[in-house]
Amino acid sequence: MELNVQEQCVNLLKTAAVQEAITNRGIMVHGWVFDIHTGKLIDLKIDFEVI
């Protein structure tokens with residue numbers, strides 16, 4: 003599951019709309035996973051800024 007989240011973060015960063023938003027608005031992309039068994043949100047420490 004965690005690897006999937008990481009890959010989807012990278013795929014999202016490849017899109018023109020997200021790259022434009024990073025440049026113009028300074029957004030960041032984070033990788034989080036919700037553990038349905040514990041009810042906790044796990045931060046994968048995947049914090050991407052401008053590439």
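So for the sequence shown, my numbering puts the first residue at 3; every next one is plus one. C-beta atoms are modelled at their ideal positions from N, C-alpha and C, and glycine is treated no differently.
Taking a C-beta distance under 7 Å as the contact criterion, V31 and L15 qualify as a contact pair. Looking at the backbone, the Cα of N6 and that of R27 are separated by about 26 Å. DSSP lists V35 as the beta-bridge partner residues of I44. Around the Cβ of G41, a 10 Å sphere holds fewer than 16 other Cβ atoms; the residue is exposed. In the DSSP assignment, I24 falls within the unbroken alpha helix (DSSP H) covering 18 to 27.
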